[in-house]
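Peer 1: If you use UniProt numbering, the sequence shown corresponds to residues 1 to 751, in order.
To start, I am sharing the structure in question, which I have written as structure tokens.
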Amino acid sequence: SLEMASDSPESLMALCTDYCLRNLEGTLCYLLDNETLRLHPDIFLPSEICDKLVNEYVELVKTDSIFEPHESFFTLFSDPRSTRLARIHLREQIVQDQDLEAIRKQDLVELYLTNCEKLTAKSLQTLVSFSHTLISLSLFGCCNIFYEEENPGGCEDDCLVNPTRQVLVKDFTFEGFSRLRFLNLGRLIEGVNVETLLRPLASLAALDLSGIQLNDVGFLAQWKDSLVSLVLYNMDLSEEHIQVIAQLRKLRHLDISRDHLSSYYKFKLTRRVLNLFVENLVNLTSLDISGHTMLENCTIPSMEEKMGQTSIEPAKSSIAPFRGLKRPLQFLGLFETSLCRLTHIPAYKVSGDKNEEQVLNAIEAYTEHRPEITSRAINLLFDIARIERCSQLLRALQLVITALKCHKDDKNIQVTGSAALFYLTNSEYRMEQSVKLRRQVIQVVLNGMESYQEVTVQRNCCLTLCNFSIPEELEFQYRRVNELLLNILNQSRQDESIQRIAVHLCNALVCQVDNDHKEAVGKMGFVMTMLKLIQKKLADKMCDQVMEFSWSALWNITDETPDNCEMFLNYSGMKLFLECLKEFPEKQELHRNMLGLLGNVAEVKELRPQLMTSQFISVFSNLLESKADGIEVSYNACGVLSHIMFDGPEAWGICEPHREEVVKRMWAAIQSWDINSRRNINYRSFEPILRLLPQGISPVSQHWATWALYNLVSVYPDKYCPLLTKEGGIPLLKDMIKMASARQETKEMAR
């Protein structure tokens, strides 16, 4: 079932394939002359493994931005004596003429080339080398494969005047492709004579001519005894076409659907045409007539239509011509037709726009080759997910993920898909999703952010990330997420809403993570980016969420991370701190965040001398009296001063204010706080506080540290008692009680 499939671990085969592709040099290959990949001479791999390596390679290049393509990858498969290929699926810009050329000695049975726009007529010649074994071939969307370069002969100068011209190859046919049964020529370039091209094929079983306009399809009758599948998507049909189709009595799958937005079609479907199909194509199990306009009413009277339980029995069909079917169809494509809204449709699977099931069937059926239809179907899914509840959540998610991966560069799909993901991953659906599935969502969201600087996609992607537990669920892509978010925040022109979400995400990502993560993110320019945002907001005299989140993010990223604290000082962080205090004297949250950050800076001995100026010390002393955010601002100011006092009188390099005077104000502040205050702070370690206990140089710092510990363990015992014990706080407190220099009230509290 889908449910199980999404949660089972990857197969060993998949894991090994992935590992080898990411580490070709360390596994299957060595580097020749530091540039060309070569297979180790003792390696022999069967087609089951080689096919997977090639297909997975194409997938990785397409969907994993970190994965580097190799110039010489396909040459690894040039010798069938060591590597065998049988069935490969190549797509888009990844594959070029020389890649196919490299594997020409392979006995390929199945070759799918989808939208490979870089392939030219050179590759047509390469195809001939597979002609004796090829059973299945797709050239869908390979729009240049029938073009070759015509080189003007003669001198250099002449060539500058006449650059190479693209000429259509007229003489290629499938002569000699004796085993070819399945052929997809979808979106073939105009000017190629399809009839001549196909004539040599003895017995075609499946033919796809999507997006090709042929006025005469009489030649199809030559395969009337073998053709079981025919796709004529977006072909403007006529009575002649219909008569030819009706002769193809072996057909099991017929697709004459169209994109009703793409251009004007003269042809209209009638009751007679559908009757003709039902009578003549007796083996039909799948029919697609999506996008067609019905010229006349094919439905049974509405009284009868509404009666009884919904049925797929042909005898009860609401579409009159289908009452002649022997059995229900496996699939009936009715997307963007009025017929899909009827009650009794004689098919097990229907694509349409009536309900979730029909919409999902549409996405599933059209994703690979019809992004223009798929994006409209995903749009319908978006409405269902937003307004009602999705009942087939896992299927919906997997289909949207596949569409986003498959059409990374299709703007419509990226916009609608990213919007649908936001609704499909929100909290009400959370329980039904496996870790693996949620990771896949994160991957495609990040791909979208990478490929698209477009505002809507960026916003949808950022909003979707907010549906995850941060940082835990994003940990496996930690660097990449941060790089992308900083990238968004460093853009000169910014969308307010994206900026707000991105800063919120940045803040969440550096909260409660290991120091090495914080250092790495610091090196990416995190501190600088936040300070720039603060600078901008200050210039606009705005203290909004972006301003508060930016200071909060700086508070988080400097926690026990000296390198980041130093960056804060080097990039004039203190100047911004003073300006913000002056500009926004009433903003309590802001003051708390700024002082929390300065507490982190003050914990670093090497940086404290930079805080030792009359201006800073006066500001910290005055904040001791602040009542902002309960005791938080006063507490943090006192913390900063406690670390500075701990360096002793000789470090006090200023005349004003006097050290004793500041000490007196610190005692007064600590005594004014309620010992049972609930706190707006989160300690991961007590180490910076415990440092202040075993010393006699500054009794007030000792008292602040003891007060802090006492308050935290008495208000939050479950969280902080184990931490105090684990970090060796108990013996330190016992020793302090014996110290002569410690104040009596400090000892009482410690006891």
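Glycine is no exception: its CB is placed at the ideal position from the N, C-alpha and C atoms.
Given a threshold of 16 other Cβ atoms within 10 Å of its Cβ, counted over all protein chains shown, does Gly-154 qualify as buried or as exposed?
Peer 2: The predicted model places Gly-154 with a pLDDT of 49, which falls under 50 and marks its position as unreliable; any figure quoted below should be read in that light. When all chains shown are included, Gly-154 counts as exposed.
Peer 1: Are three or more beta carbon pairs between the segment 711–725 and the segment 692–702 nearer than 8 angstroms?
Peer 2: Counting Cβ pairs under 8 angstroms, fewer than three are found: no touch.
Peer 1: Among the residues of its own chain, which have a CB less than 7 angstroms from the CB of Thr-456, if the five just before and after it don't count?
Peer 2: Hits under 7 angstroms: Val-415.
Peer 1: Kindly list the residues whose CB is nearer than 6 angstroms to the CB of Val-640, restricted to its own chain and excluding five residues on each side of it in sequence; keep chain order.
Peer 2: These residues qualify, in order along the chain: Leu-598, Gly-599, Ala-602, Phe-620.
Peer 1: Helix or strand or just coil, what does DSSP make of Arg-271?
Peer 2: Three-state result, Arg-271: helix.
Peer 1: DSSP three-state call for His-253: helix, strand or coil?
Peer 2: The answer is strand: DSSP assigns His-253 an E or B state.
Peer 1: Checking the sheet assignment: what are the DSSP bridge partners for Lys-122?
Peer 2: DSSP, once it has assigned bridges, lists no residue as partnering Lys-122.
Peer 1: Starting from Phe-182, trace the beta strand (DSSP E) in both directions and tell me its first and last residue.
Peer 2: From DSSP, the beta strand (DSSP E) with Phe-182 extends over 182–184.
Peer 1: Using beta-carbon positions only, say whether Ser-65 and Glu-450 come within less than 7 angstroms of one another.
Peer 2: Their beta carbons are under 7 angstroms apart, which means Ser-65 touches Glu-450 by this criterion.
Peer 1: Count the other CB atoms, across all protein chains shown, that sit within 10 Å of the CB of Ile-373; report buried if there are 16 or more and exposed otherwise.
Peer 2: When all chains shown are included, Ile-373 counts as buried.
Peer 1: Going residue by residue through the segment 588–674, where are the continuous alpha helix (DSSP H) segments of at least 4 residues, counting only ones entirely within it?
Peer 2: Counting whole runs of 4 or more residues, the segment 588–674 contains the alpha helix (DSSP H) stretches 588–602, 614–623, 632–645, 659–672.
Peer 1: Between Thr-561 and Asn-490, is the Cβ-Cβ spacing less than 7 angstroms?
Peer 2: No, these two residues do not count as a Cβ contact at 7 angstroms.
Peer 1: Starting from Phe-177, trace the alpha helix (DSSP H) both ways and give me its first and last residue.
Peer 2: Element bounds for Phe-177: n/a, residue is neither H nor E.
Peer 1: Shortest alpha-carbon distance to Glu-428 belongs to which of Ile-442, Ala-385, Arg-439, Arg-395?
Peer 2: Ranking the options by Cα distance to Glu-428, first place goes to Ala-385.
Peer 1: With distance defined between alpha-carbon atoms, name the residue in Val-228, Asp-225, Thr-270 nearest to Ile-242.
Peer 2: Comparing Cα positions, the closest option is Thr-270.
Peer 1: Which same chain residues, not among the five before or five after Met-739, have their C-beta less than 6 angstroms away from its C-beta?
Peer 2: Cβ neighbours of Met-739 beyond the five flanking positions: none.
Peer 1: Would you call Met-303 buried or exposed, if buried means 16 or more other Cβ atoms sit within 10 Å of its Cβ?
Peer 2: Exposed, by the Cβ-count rule.
Peer 1: Say whether chain B places a C-beta atom closer than 7 angstroms to the C-beta of Gly-218.
Peer 2: Absence of chain B from the displayed structure is noted, only one protein chain being present.
Peer 1: Going by DSSP, what residue range makes up the alpha helix (DSSP H) through Val-455?
Peer 2: Residues 455–465.
Peer 1: Taking only the alpha-carbon atoms, compute the straight-line gap between Phe-177 and Asp-97 and give it to the nearest angstrom.
Peer 2: Using only the alpha carbons, I get a separation of about 20 angstroms.
Peer 1: Is DSSP giving Phe-331 helix, strand or coil here?
Peer 2: Phe-331 falls in the strand class under three-state DSSP.
Peer 1: Have a look at Leu-295, Pro-688, Ser-685, Glu-519 and flag the residue whose alpha-carbon is nearest the alpha-carbon of Glu-566.
Peer 2: The residue with the shortest Cα to Cα distance from Glu-566 is Glu-519.
Peer 1: Starting from Lys-518, trace the alpha helix (DSSP H) both ways and give me its first and last residue.
Peer 2: That run of the alpha helix (DSSP H) goes 515–523.
Peer 1: Can you tell which of His-369, Leu-394, Glu-368 has its C-alpha closest to the C-alpha of Glu-356?
Peer 2: The residue with the shortest Cα to Cα distance from Glu-356 is Leu-394.
Peer 1: Spatial neighbours of Leu-254 within its chain, please: CB distance less than 6 angstroms, with the 5 preceding and 5 following residues excluded, ordered by chain position.
Peer 2: Cβ within range, chain order: Leu-230, Leu-287.
Peer 1: Beta-carbon within less than 6 angstroms of Gln-440's beta-carbon, same chain only, minus the 5 sequence neighbours each way: which residues are those?
Peer 2: Excluding positions up to five away in sequence, the list reads Ile-401.
Peer 1: Determine which residues share a DSSP beta bridge with Ile-319 and list them.
Peer 2: According to DSSP, which records beta bridges pairwise, Ile-319 is partnered with Thr-299.
Peer 1: What three-state label does DSSP hand Ile-689 in the structure shown?
Peer 2: Three-state DSSP puts Ile-689 in a helix.
Peer 1: Just checking, does the segment 620–630 make contact with the segment 664–675 on the three C-beta pairs under 8 angstroms criterion?
Peer 2: Contact between the segment 620–630 and the segment 664–675 is present, because at least three Cβ pairs lie under 8 angstroms.
Peer 1: Identify whether His-504 lies in helix, strand or coil by the three-state DSSP scheme.
Peer 2: Looking at His-504 - three-state DSSP - the assignment turns out to be helix.
Peer 1: Which of the three DSSP states is assigned to Met-431 in this structure?
Peer 2: DSSP places Met-431 in helix when its eight states are reduced to three.
Peer 1: If I follow the unbroken alpha helix (DSSP H) through Tyr-710, where does it start and stop?
Peer 2: Tyr-710 -> alpha helix (DSSP H) spans 699–715.
Peer 1: Can at least three beta-carbon pairs, one atom from the segment 471–487 and one from the segment 496–515, be found at a separation below 8 angstroms?
Peer 2: Flag = yes, the segment 471–487 and the segment 496–515 touch.
Peer 1: In chain order, what residues of the same chain lie with their CB nearer than 6 angstroms to the CB of Lys-268, ignoring the 5 residues before and after it?
Peer 2: The answer, listed in chain order, is Thr-293, Leu-295.
Peer 1: When you compare each of Arg-181, Ser-418, Glu-454 to Leu-463 by their alpha carbons, which one comes out closest?
Peer 2: When each option's Cα is compared against that of Leu-463, the closest is Ser-418.
Peer 1: Under 7 angstroms between the Cβ atoms of Thr-343 and Ser-317?
Peer 2: No, these two residues do not count as a Cβ contact at 7 angstroms.
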